[in-house]
Structure formats: C-alpha cells, structure tokens
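Top line first, the protein sequences correspond to chains A and B.
Numbered continuously in the working numbering, the first sequence closes out at residue 218.
Numbered continuously in the working numbering, the second sequence closes out at residue 218.
Glycine is no exception: its CB is placed at the ideal position from the N, C-alpha and C atoms.
One structure below.
There are 2 protein chains.
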Amino acid sequence: MQQLTPMDEIVLTERQAGVLDAVLRLLVEKGDQLTMTAVARRASCSKETLYKWFGDRDGLIAATVRWQASRVRVAPIDRAGLDGATLTARLEEFAVNWLTVISSQTSIALNRVAIGQAAGRQASLGAIVLENGRFAMGRRLKPVLEAGRDAGLLGFDDTEAAFRTFFGLVARDIQIRLLLGDRMDLDPETIRADAVRATRQFLALHGATTTSTGAAGS
Amino acid sequence: MQQLTPMDEIVLTERQAGVLDAVLRLLVEKGDQLTMTAVARRASCSKETLYKWFGDRDGLIAATVRWQASRVRVAPIDRAGLDGATLTARLEEFAVNWLTVISSQTSIALNRVAIGQAAGRQASLGAIVLENGRFAMGRRLKPVLEAGRDAGLLGFDDTEAAFRTFFGLVARDIQIRLLLGDRMDLDPETIRADAVRATRQFLALHGATTTSTGAAGS
DNA sequence: AATGTACCGTACCGTACGGTACGCTTCCCT
DNA sequence: AGGGAAGCGTACCGTACGGTACGGTACATT
Numbered sequence: 001m002q003q004l005t006p007m008d009e010i011v012l013t014e015r016q017a018g019v020l021d022a023v024l025r026l027l028v029e030k031g032d033q034l035t036m037t038a039v040a041r042r043a044s045c046s047k048e049t050l051y052k053w054f055g056d057r058d059g060l061i062a063a064t065v066r067w068q069a070s071r072v073r074v075a076p077i078d079r080a081g082l083d084g085a086t087l088t089a090r091l092e093e094f095a096v097n098w099l100t101v102i103s104s105q106t107s108i109a110l111n112r113v114a115i116g117q118a119a120g121r122q123a124s125l126g127a128i129v130l131e132n133g134r135f136a137m138g139r140r141l142k143p144v145l146e147a148g149r150d151a152g153l154l155g156f157d158d159t160e161a162a163f164r165t166f167f168g169l170v171a172r173d174i175q176i177r178l179l180l181g182d183r184m185d186l187d188p189e190t191i192r193a194d195a196v197r198a199t200r201q202f203l204a205l206h207g208a209t210t211t212s213t214g215a216a217g218s
Numbered sequence: 001m002q003q004l005t006p007m008d009e010i011v012l013t014e015r016q017a018g019v020l021d022a023v024l025r026l027l028v029e030k031g032d033q034l035t036m037t038a039v040a041r042r043a044s045c046s047k048e049t050l051y052k053w054f055g056d057r058d059g060l061i062a063a064t065v066r067w068q069a070s071r072v073r074v075a076p077i078d079r080a081g082l083d084g085a086t087l088t089a090r091l092e093e094f095a096v097n098w099l100t101v102i103s104s105q106t107s108i109a110l111n112r113v114a115i116g117q118a119a120g121r122q123a124s125l126g127a128i129v130l131e132n133g134r135f136a137m138g139r140r141l142k143p144v145l146e147a148g149r150d151a152g153l154l155g156f157d158d159t160e161a162a163f164r165t166f167f168g169l170v171a172r173d174i175q176i177r178l179l180l181g182d183r184m185d186l187d188p189e190t191i192r193a194d195a196v197r198a199t200r201q202f203l204a205l206h207g208a209t210t211t212s213t214g215a216a217g218s
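See the structure below:
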C-alpha cells in the first residue's frame, strides 16, 4: 500500500466545497445512485461546470471522498507525559473518536460507495478510504502504543499486531453491521462504554501492570 | 432483527441452481454491474426464463444470496465433553472457518453487492447476509461459549458481549480491508495463526484459568 | 461601451440495460 | 401422430443517465 494520494493539499474554492457538500448530502440520503443531474440541481450549478471542475462522475466522487477525508483529520495525540491514567485516557479517547466516525451517516455512505466501486474496475476509492481511515488511524495510534511500551506500561513485540488487536476490540461487528443496513443506535453513552471496555480488554492483554488495575474483572 | 427469511427451504431444480451458480461466478468477476443479458448468456438460458423464475433482477440476486447462504451452512458444533483442550480446539476451528469464509471471493462479492444495495431503497439483501453470516455465527458459537462457562472453563456475564469480543479478535480489520479492495493474501497458515492468536487472547480475557496457560506472553 | 470569462439552466444525444414479445426447437403426455 | 408446455435465442421497447452543446446573464477588465 505504497502511499497513494497521501494527503494532497486540496485547493477548492468556497463554491466547489459547496458542491462537494451537496454530493455528500445526496450520497447520505440517496445512496450510491446519485446522478449528475441531481447533484447539479442540489448544488444550483450546471452539469457543464461539474464536468469542467471534476472531469467525470468518478472524479466528482473521488474529490468528495478526498475532501471529506481532509476534514476529518484530527489533531495528533501527543505522547508526552505518559503515565497509566493518561495512556488509558488516550486509548479511550481514540476509541470514542473512531466509533463516532464509523457510525456516522457520512462515513457509512462513503464506505458504501467505495466498496461498491471496489467491485470490478479500478478500486481507487477503496484505496483512498482505506488510506484515510484504517491506515491513518494506525499511524496516529502507533506512536502512542510505542510510547506506552517505552514507558513500561505496555508489552508487545509487533506494533502493527497490537494496533490491529485494539482495532478489533473496538470495532468488533459494528462496522459491517452498519454497512449492511443493520439499525444500531450508537448513542454517546454506548460508545463511551464500548471504548472503556475495549481499552480495559486491551490493557488486560498487553498492559504490563495487568494485575494491579483490576482489569480482569468482568 | 426479527427473524426475517429465516432459512426457507429452497426448492430449486438443477437447472436453476446452475443459473444461480452463473450469477455467483459473474458477481465475483464482474462486480455488481452484472447484467441480465450477461447472466442469460453465461447460463445459456433466455432472459424471459430468468424473469419467469426469479421475477426481476433483485429477485435473482436475492435468490443467489439465499442459495449461497444455504450451501455454507455447516454442521453445528457439539457441546459434549468439554475440557480445556477441546474448547480451545472448538474456538480455533470456528475462527479458521470464519476467516476462511470472509476471505473467500464469493463472500466478498456477495457482501459488496448487499452493501451496495443497502444504500438507499430496501436493504433486504443486507438483512439476509447479516442473518446468514454474522448472526448465524453467533447462534452457532454461543452454545459452545455457554457450555464452556457451565464447565467452569470460561467466565462472562453476557454471552452476546463475549461472542462479539471473540468476533472482534478474529476479524479485526480484515473484512473491511478486503471489502475495500485491499489485497491481503490470507493463506491457510496465516489464517491458522490468526485463529490461534485470537483464541489465546479470548481465553486470556474470559478464561477461568487465566494464569495457568501463560496466555499473557507475547 | 466593448469584450471576455465564468457559470447557470436546459435541451439534447448516445448508449446501456431492465424488461417484454415472438419465433423456433425439444420433449412430454395421451 | 397431434397438442401443449418449457425454454432458448434474439429482436425490440422505454427509460434513465452520463456527457455535451448552447443560449442567456452577471461581472470583471480595458
């Protein structure tokens, strides 16, 4: 996965951003059968302008995905001053953030269209979504995990493997169920509880101080 | 999720099964832009017959999904004679089975089309896939988990929650990456190793004999 | 004022595809 | 043998939609 379209500075006028916003809204409500005509009408612009700006339909969708990804990018987690409580808080914060993102209507719609496009022809959208979703998460969390290990709070050999374990404990079956249309209501309290549970489980598996925090309790 | 289309006895002639097989193959290679004409040509039948048998395009795809689901159904795991080694073997077997299924081209293609259809209009395909995938797995594994608890080998309060934890430890980021077009080669050895690791982690979290098996090591 | 640019709205074109109609062959039933 | 049902192959229809062309308008530049 060799760093494709890493994070190109996206230069968009206000107007163009408005168009992509319309695409996003349409994608959420209409699913992937959004038409160029519908986009033009919703954004109050002409189809000709759409084609001039974005080339073709795939280009428009790709621009939308990239633009949304560039908006989601959050502040990096600082790895300074890591004690046990701080590490726990960082992990929980990360899990809350991640669960909030994947349960959002926008993320679901975008993942759906990327997956639909990944069937057959070029899977460029899938690569973009993966790069700005799953892999961006990995790049953000791994320094934290390694700082935790350096501080003697965590124990693992393979950072990637440790991250994937945490990923699994956080996401479980949630994303696939949402993508397949299962109605799960993830209110903030549920997300918070899930994040706490996942973090506790992760620390039970990889925490150096397994016995002290009482993490093994049900 | 109120038991929709539970497992209708599917009555299909050999010929009809052959048609659905063609749909499946076409779905795998062509993605979701399979056309009725292509199906008819591949299956050497007329479009008129297709419509007579399956109603319309959605009916054809739904029949394909249901038929494939009915084929995948495996023998239930017996819960007799559970000692530690047997439980471990059961969990590993289950994990291997699950990973093998979700990494198969057929499963990926089917999930993709169901997800694509879940965007907008009725999400019936998504419900069918969910019912025969994720939820069928739960129904299969939960008796094993509860038998393990009854035998004093496992500890948990909520069977559903325990199953979802196991699910997360097994699947991690694999399914979403495959759906988005990431090329991961899951050879049998990798799957085996993943299954062993997930089982070991699950037992470390929920096993009654946490300290004895040395599961906490890297 | 003249000219050019950007863009909106809409009409238009070509094609792909879902769905239907029809002629022909095969095979079963009696 | 005669009649009907099943089904293959193909031609056909209607429509939806991607993409293009064009007239009209607002605004900037000179």
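Close to chain B, meaning a Cβ-Cβ distance shorter than 8 Å, is no residue of the segment 48-59 of chain A at all. Under the Cβ distance rule, Gly168/B counts among the residues neighbouring chain A, one pair being separated by less than 8 Å.
Taking 8 Å as the CB threshold, Thr106/A stays off the interface with chain B. Within its own chain, the residues whose Cβ lies closer than 7 Å to the Cβ of Thr106/A, once the five positions on either side in sequence are excluded, are Leu24, Val28, Gln68, listed in chain order. Phe94/B is positioned such that its CB atom lies closer than 8 Å to that of Leu141/B.
With contacts defined by Cβ atoms closer than 8 Å, Gly31/A and Gly120/B form a contacting pair. Counted as a single uninterrupted DSSP element, the alpha helix (DSSP H) harbouring Thr37/B occupies residues 36-43. Remark: C-beta atoms of Thr100/B and Ile174/B do not approach each other more closely than 8 Å. Thr49/A has its alpha-carbon roughly 42 Å from the corresponding atom of Ala63/B. Between Val129/A and chain B, the shortest Cβ-Cβ separation is below 8 Å. When rounded, the separation of the alpha-carbon atoms in Gly181/B and Ala151/B is 42 Å. Bounds of the alpha helix (DSSP H) holding Ser124/B are 124-132.
Taking C-beta separations shorter than 7 Å and ignoring five residues to either side along the sequence, the partners of Leu186/B in its chain run Leu99, Ser103, following chain order.
Arg177/B: member of the alpha helix (DSSP H) spanning 174-179, first to last residue. Residues of chain A with a Cβ closer than 9 Å to the Cβ of Ile115/B are, in chain order, Asn111, Arg112, Ile115, Gly116, Ile176, Leu179, Leu180, Gly181. Here Val11/A is exposed. Its C-beta has fewer than 16 other C-beta atoms within 10 Å. With fewer than 16 neighbouring CB atoms inside 10 Å of its own CB, Gln33/A falls in the exposed class.
For Gly152/B, there is no enclosing alpha helix (DSSP H), as DSSP marks it with neither H nor E. Going by DSSP, Gln33/B is part of no alpha helix (DSSP H) at all; its letter is neither H nor E.
For Gly207/B, the secondary structure class from DSSP, reduced to helix, strand or coil, is strand. Interface annotation for the segment 26-40 of chain B against chain A: Lys30, Gly31, Asp32, Gln33, criterion Cβ-Cβ distance under 7 Å. Chain B places no beta carbon closer than 8 Å to that of Leu91/A, leaving this residue out of the contacts. Assignment of Ala119/B by DSSP, reduced to helix, strand and coil, places it in the coil class. Neighbourhood of Leu205/A in chain B, by CB distance below 8 Å: Gln201, Ala204, Leu205, Ala216, in chain order.
Counting only Cβ-Cβ distances below 7 Å, Ala171/B has contacts in chain A at Gly168, in chain order. At a cut-off of 8 Å, the C-beta of Ala119/A has a neighbouring C-beta in chain B. Around Ala198/B, the same chain offers Ala95, Leu169, Val170 as residues with beta carbons nearer than 6 Å, after the five sequence neighbours per side are excluded. The beta carbon of Met184/B sits closer than 8 Å to the beta carbons of Ser103, Ile174, Arg177, Leu178 from its chain, once the five residues preceding and following it are set aside; these are given in chain order.
For Ala123/A, the residues of chain B that pass the 9 Å Cβ criterion are Leu180, Gly181, Asp182, in the order they occur in the chain.
Identification of residues in the segment 126-153 of chain A having a C-beta nearer than 8 Å to some C-beta of chain B yields Gly126, Ala127, Val129, Leu130, Arg134, given in sequence order.
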